[in-house]
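To start, the structure itself, in structure tokens.
Numbering (this note's numbering), first residue to last: 15 to 443.
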């Protein structure tokens, strides 16, 4: 039996859940480059959901969106609007081509929705829409309805769905209801849940349709894949602590004069933003004639861009082409990918700053049903992997500053320590 009573405490829970969501998208023209990238990724998600509204409506719509967020987006590399356009261009506009597109994106054979997706992408490209804030702003103008009328012959039923979405926001209804029921902690029937949402919007001073769009956007993926931002924060805290332990052990064993510290991003950023840990020396002796590693960054991409995990190691000093090749071969021999090496600045001499980057096939989605012990185990494994990369790079870079004869060790694998060993004094969490 559903509970239709929405007394102040449940309404307070709903308000609290709404206030914990990330802020509304910035207006077009006011976004930073990072936010603009998020807006493009967010537009991809909204369009993929909208395509499933077109007749015949996809009854497993939420499951299809969940499949995209959890599996397809990262695997296919769909982080931007151009990425989606490029994917559609790879497959012919035929029943077979559209069915394959649907399987790739949603895990179902639904060629009619892939055709609707092509029409949506065509319509937005015709009017130079590339990010979500711009799309929402345009939908509120009379120019949007005029554009729909002009494109009616091409869009067909898609135009009806877009007009419905612009006028009533009805396409967001199912996501808002899901959010309200999840936030209230028990099953609430549709009418009272939507009335509570209306009251919450009034209390927040936000138009109901605007708030519904925000909720729908975050719920589509964050709750659609049962992602738990609180567990993600715990995961990062465990990664930072384990990384500090590993680095302290290694620098102590090597009798290094450098002391390295680990800094963790704020909790609010770890929940949804581009954030992570930074490893830097507290004080470093100047080594003007020797290339040296100066920082390690382990980061997640923002929620909108899929929470993909990537590692970056920064250093100073010139690395010859021979040493760059040796670094790549050494990482591959250790069972890791070779880094993407580039110079961030080259002011001459040994002050050049270089960056080595790895994009790992891993995302920081943390399922709600993952036990805390599993979260900590995963964090320990990730910290150990990051430490291995740091040790390998430090060893290889140190050899780059040695005479040509000593550099013969580059091809022998006799570099630094055996980074594959398990830490004997792993800290227990």
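Cβ coordinates follow ideal geometry from the N, Cα and C atoms, glycine included. Just so you know, these numbers come straight off a predicted model, no measurement behind them.
Given residue i as reference, the closest of the options once Cα atoms are compared
{"i": "residue 336", "options": "165, 253, 319 and 355", "result": "355"}
{"i": "residue 286", "options": "317, 123 and 87", "result": "317"}
{"i": "residue 319", "options": "410, 82, 348 and 250", "result": "82"}
{"i": "residue 113", "options": "126, 258 and 343", "result": "126"}
{"i": "residue 107", "options": "88, 405 and 133", "result": "133"}
{"i": "residue 31", "options": "175, 197 and 99", "result": "197"}
{"i": "residue 154", "options": "223, 57, 406 and 342", "result": "223"}
{"i": "residue 137", "options": "216, 120, 168 and 110", "result": "168"}
{"i": "residue 186", "options": "78, 408, 282 and 234", "result": "234"}
{"i": "residue 97", "options": "304, 111 and 135", "result": "135"}
{"i": "residue 232", "options": "57, 27, 409 and 413", "result": "57"}
{"i": "residue 329", "options": "305, 341, 342 and 322", "result": "305"}
{"i": "residue 248", "options": "27, 387, 86 and 404", "result": "387"}
{"i": "residue 338", "options": "284, 352 and 139", "result": "352"}
{"i": "residue 396", "options": "377, 406 and 383", "result": "377"}
{"i": "residue 230", "options": "266, 220 and 189", "result": "189"}
{"i": "residue 156", "options": "143, 142 and 177", "result": "177"}
{"i": "residue 111", "options": "128, 122 and 120", "result": "128"}
{"i": "residue 88", "options": "122, 350, 34 and 315", "result": "315"}
{"i": "residue 322", "options": "350, 139 and 288", "result": "288"}
{"i": "residue 494", "options": "349, 204, 86 and 173", "result": "No answer is possible for residue 494: it lies beyond the span of the chain, which begins at 15 and ends at 443."}
{"i": "residue 366", "options": "394, 344, 331 and 350", "result": "331"}
{"i": "residue 348", "options": "151, 357, 403 and 101", "result": "403"}
{"i": "residue 385", "options": "109, 158, 246 and 29", "result": "246"}
{"i": "residue 146", "options": "103, 210, 227 and 212", "result": "227"}
Nearest-angstrom Cα separation, counted from residue j out to residue i
{"i": "residue 214", "j": "residue 181", "result": "21 Å"}
{"i": "residue 273", "j": "residue 131", "result": "53 Å"}
{"i": "residue 191", "j": "residue 374", "result": "35 Å"}
{"i": "residue 411", "j": "residue 346", "result": "16 Å"}
{"i": "residue 380", "j": "residue 389", "result": "8 Å"}
{"i": "residue 370", "j": "residue 253", "result": "20 Å"}
{"i": "residue 171", "j": "residue 162", "result": "11 Å"}
{"i": "residue 282", "j": "residue 166", "result": "44 Å"}
{"i": "residue 392", "j": "residue 244", "result": "15 Å"}
{"i": "residue 334", "j": "residue 414", "result": "8 Å"}
{"i": "residue 116", "j": "residue 53", "result": "23 Å"}
{"i": "residue 441", "j": "residue 256", "result": "Confidence at residue 441 is low in this model, with a pLDDT of 39, below 50, so the placement of that residue is unreliable and no value is reported for it."}
{"i": "residue 372", "j": "residue 76", "result": "32 Å"}
{"i": "residue 26", "j": "residue 67", "result": "32 Å"}
{"i": "residue 278", "j": "residue 327", "result": "16 Å"}
{"i": "residue 341", "j": "residue 118", "result": "36 Å"}
{"i": "residue 261", "j": "residue 324", "result": "19 Å"}
{"i": "residue 124", "j": "residue 79", "result": "13 Å"}
{"i": "residue 16", "j": "residue 105", "result": "Any reading at residue 16 must be qualified, since the residue scores a pLDDT of 49, below 50, and its modelled position is unreliable; no value is offered."}
{"i": "residue 407", "j": "residue 398", "result": "14 Å"}
{"i": "residue 34", "j": "residue 204", "result": "22 Å"}
{"i": "residue 401", "j": "residue 383", "result": "28 Å"}
{"i": "residue 84", "j": "residue 55", "result": "14 Å"}
{"i": "residue 139", "j": "residue 275", "result": "47 Å"}
Limits of the beta strand (DSSP E) - the one that residue i falls within
{"i": "residue 359", "result": "354-359"}
{"i": "residue 274", "result": "273-278"}
{"i": "residue 307", "result": "306-314"}
For residue i: DSSP bridge partner residues
{"i": "residue 377", "result": "322"}
{"i": "residue 95", "result": "Its beta-bridge partners do not exist; DSSP assigns none."}
{"i": "residue 367", "result": "330 and 359"}
{"i": "residue 241", "result": "381"}
{"i": "residue 372", "result": "325"}
{"i": "residue 294", "result": "275"}
{"i": "residue 130", "result": "Paired residue(s): none; residue 130 is not in a bridge."}
{"i": "residue 289", "result": "314"}
Where the alpha helix (DSSP H) through residue i begins and ends
{"i": "residue 81", "result": "75-81"}
{"i": "residue 286", "result": "281-286"}
{"i": "residue 209", "result": "204-218"}
{"i": "residue 231", "result": "222-232"}
{"i": "residue 178", "result": "171-182"}
{"i": "residue 403", "result": "386-414"}
{"i": "residue 66", "result": "It is not in any alpha helix (DSSP H) - residue 66 carries neither H nor E in the DSSP assignment."}
{"i": "residue 190", "result": "187-198"}
{"i": "residue 156", "result": "156-164"}
{"i": "residue 115", "result": "109-120"}
{"i": "residue 339", "result": "335-347"}
{"i": "residue 87", "result": "87-90"}
{"i": "residue 151", "result": "146-153"}
Chain C within 8 Å of residue i, Cβ atoms only
{"i": "residue 246", "result": "Any reference to chain C falls outside this structure, which holds one protein chain only."}
With a cut-off of 8 Å, do at least 3 Cβ pairs link the segment 303-316 to the segment 285-295? At 8 Å Cβ cutoff, the stretches touch.
Count the C-beta pairs between the segment 76-92 and the segment 54-64 that are closer than 8 Å, then say yes if the count reaches three, no if not. With a cut-off of 8 Å, the segment 54-64 and the segment 76-92 count as touching, because enough Cβ pairs lie within range.
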